[in-house]
Amino acid sequence: MDHDPKSIKVMKFGGTSVGSPAMIKHVARLISNEEPKLVVLSAMSGTTNALAAIAAELSRGNISGASDDIGTLESKYLETAGQLYFSEGSAEKARRHIRDSFSLLKGVAERPFSSVEEKIVLAQGELIVTMLMHLYLAETGVHSMLLPALEFMRTDKNGEPDMRFIRRNARKAVNRYPHNRIFITQGYI
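As structure tokens, then:
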């Protein structure tokens with residue numbers, strides 16, 4: 001059974017909507033019904049700005065400042081994981097994912113910085129929050145599927161969304177999971 005693209009609702013939640021454990025839980029309640037949907041999440045409030053500041057520090061060669069900022073942001077996310085989940089198993093899965101993401105950031109800080117590294121840095125907020133939501137839904141008994149945005153998103157030569165490519169590839173991505181109803185993806189990546 002393929003999903004009818006017209007029957008899939010797209011729901012976008014910005015950074016304030018997922019800006020705290022309580023807000024993530026609220027969004028989870030909003031999206032947990034049986035209606036097929038693609039849920040697009042931004043990074044937690046303030047994260048993209050913090051990551052942009054880290055990228056700016058790295059581009060200026062201020063490794064120490066960037067490392068301090070990375071540590072501060074990592075602590076925020078680890079604290080969020082501790083507050084979001086009621087089972088230690090789920091919290092530990094989330095912490096492991098968070099540590100992996102921040103290990104990647106620390107690795108970026110140790111090599112020459114370029115526009116590729118900048119994109120890696122800026123993507124981490126969305127990647128982390130989509131995983132946090134996916135794990136929270138699983139913990140509450142709601143099945144969801146993570147769909148990496150890069151599998152079906154791209155821009156054209158003018159930097160605008162390539163709608164034909166997106167429609168075709170989003171449909172393919174969703175139809176790989178015909179029995180799933182909730183798909184979670186990143187907003188800015």
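Heads up: the sequence shown begins at 1 in full-length UniProt numbering, then just goes up one per residue. We treat Cβ as the ideally placed atom computed from N, Cα and C, and that holds for glycine.
Asked: So is H134 buried or exposed if we call it buried at 16+ other beta carbons inside 10 Å?; Found: buried
Asked: Please check the pair M23 and V129, which I expect to be a contact at CB under 8 Å, by giving their CB distance rounded to whole angstroms.; Found: That belief does not hold up - the Cβ atoms of M23 and V129 are roughly 11 Å apart, past 8 Å.
Asked: Measure the alpha-carbon distance for H143 versus N158 and round it to whole angstroms.; Found: 37 Å
Asked: With respect to the alpha helix (DSSP H) encompassing M163, which residues constitute its N-terminal and C-terminal limits?; Found: 163 to 175
Asked: For M1, which residues in the same chain have their Cβ closer than 7 Å to its Cβ, ignoring the five residues on either side in sequence?; Found: Because the pLDDT of M1 is 47, which lies under 50, any placement of that residue in the model is unreliable, and the number read from its coordinates should be weighed accordingly. Closer than 7 Å at the Cβ level, and outside the excluded window around M1, lie P178.
Asked: In terms of residue numbering, what span does the beta strand (DSSP E) encompassing L38 cover?; Found: 37 to 41
Asked: Would A109 pass as a contact of A66 if the rule is Cβ separation under 9 Å?; Found: yes
Asked: From the DSSP secondary-structure annotation, give me the bridge partner or partners of K9.; Found: K37
Asked: DSSP on L146, reduced to helix/strand/coil?; Found: strand
Asked: Quick check: what's the CA-CA separation for N180 versus S32?; Found: 12 Å
Asked: Contact between the segment 146 to 163 and the segment 49 to 58: three or more CB pairs below 8 Å?; Found: no
Asked: Would you mind working out which of A55, N62, I166 sits nearest G125, comparing C-alpha positions?; Found: A55
Asked: I54 lies in the alpha helix (DSSP H); which residues open and close that run?; Found: 47 to 59
Asked: Grouping DSSP H, G and I as helix and E and B as strand, with all else coil, what is F86?; Found: coil
Asked: For F113, collect the residues of the same chain with a Cβ closer than 6 Å to its Cβ; drop the 5 residues on either side in sequence, then sort them by chain order.; Found: L58, S59
Asked: Can you give the beta carbon distance from L41 to A94, rounded, assuming they're within the 8 Å contact cut?; Found: About 15 Å separates the two Cβ atoms, so there is no contact after all.
Asked: Considering only their Cβ atoms, is the gap separating V39 from V27 smaller than 9 Å?; Found: yes
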